[in-house]
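See below for the structure under consideration.
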Amino acid sequence: NAGVTQTPKFRILKIGQSMTLQCTQDMNHNYMYWYRQDPGMGLKLIYYSVGAGITDKGEVPNGYNVSRSTTEDFPLRLELAAPSQTSVYFCASSSAGGYTGELFFGEGSRLTVL
Amino acid sequence: GNSVTQMEGPVTLSEEAFLTINCTYTATGYPSLFWYVQYPGEGLQLLLKATKADDKGSNKGFEATYRKETTSFHLEKGSVQVSDSAVYFCALYNQGGKLIFGQGTELSVKP
Chain A
8 NAGVTQTPKF RILKIGQSMT LQCTQDMNHN YMYWYRQDPG MGLKLIYYSV
58 GAGITDKGEV PNGYNVSRST TEDFPLRLEL AAPSQTSVYF CASSSAGGYT
108 GELFFGEGSR LTVL
Chain B
988 GNSVTQMEGP VTLSEEAFLT INCTYTATGY PSLFWYVQYP GEGLQLLLKA
1038 TKADDKGSNK GFEATYRKET TSFHLEKGSV QVSDSAVYFC ALYNQGGKLI
1088 FGQGTELSVK P
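Chains as they are written, first to last, in the working numbering: chain A, 8 to 121; chain B, 988 to 1098.
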């Protein structure tokens, strides 16, 4: 029972490099989310999607891009990485847009920008 | 706007002690409220929820009551175990398909 799968789990980037964090879910959920988690700051929403072809900005979208071409996949693209993007990134999905509260989270991707 | 405020951590308790983690919220209308737990090295998972005023959510010995008059949703457990050591997040859902999380409270339970 895979649930939400994120790759890679760890990555070190140099300033100015780009990369994509992959997220796949096998629960046929319409809603998908990207959060970043910084120490003592909780989770901040970066982008979210309510279905294939539809994305919207969250609280902290600058420096990131997303796409949602299929129900299953919701990749997060970092362009021109900066040290401020050092964080743990979590992908999540939900069947009911958070109404029931049950978001299913991946295990996280720890990114360091040096 | 919507926001969630939790008590500062870390909270350190001895096994079998009583736990309270405070959570207050700001929201328009009638939000649903949740507690999530994050064990070391893992993603968050739903612990309990309450969708209307005076509802009590409960799971694994944890409880929280939705108090609209005090805009609070405090998490309690009567007797904590070492295995409860984790980070606990309070969250609210109001509208727009998004959950808003508090900053998290780290709990450490010593044997």
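Glycine included, every Cβ here is placed at the ideal spot set by N, Cα and C.
is_contact[residue i, chain B] using C-beta, thresh 8 angstroms
i: residue 114(A); result: yes
i: residue 83(A); result: no
i: residue 54(A); result: no
i: residue 109(A); result: yes
i: residue 97(A); result: yes
Chain A contact for residue i (CB, 8 angstroms cutoff)
i: residue 1076(B); result: yes
i: residue 1088(B); result: yes
i: residue 1085(B); result: yes
i: residue 1000(B); result: no
i: residue 1029(B); result: yes
i: residue 1033(B); result: yes
Distance between beta carbons of residue j and residue i, contact taken as under 8 angstroms
i: residue 1065(B); j: residue 1010(B); result: Contact flag wrong, Cβ pair sits at about 18 angstroms.
i: residue 1162(B); j: residue 1067(B); result: Lying outside 988 to 1098, the shown extent of chain B, residue 1162(B) is not represented and no answer is given.
i: residue 32(A); j: residue 100(A); result: 4 angstroms
i: residue 35(A); j: residue 78(A); result: 6 angstroms
Paired residues, beta bridge with residue i - DSSP
i: residue 1008(B); result: 1062(B)
i: residue 1033(B); result: 1023(B)
i: residue 39(A); result: 56(A) and 100(A)
i: residue 1001(B); result: 1097(B)
Chain-ordered neighbours of residue i on chain C, where CB pairs are closer than 7 angstroms
i: residue 49(A); result: The question asks about chain C, but that chain is absent: this structure's protein chains are A and B.
* Asked: Contact between the segment 28-48 of chain A and the segment 997-1005 of chain B: three or more CB pairs below 8 angstroms?
  -> no
* Asked: Between the segment 1072-1085 of chain B and the segment 1021-1033 of chain B, do at least 3 Cβ pairs fall closer than 8 angstroms?
  -> yes
* Contact between the segment 113-121 of chain A and the segment 56-69 of chain A: three or more CB pairs below 8 angstroms? -> no
* **Every unbroken beta strand (DSSP E) within the segment 76-104 of chain A, with a cutoff of 3 residues, ordered by chain** => 83-85 and 94-101
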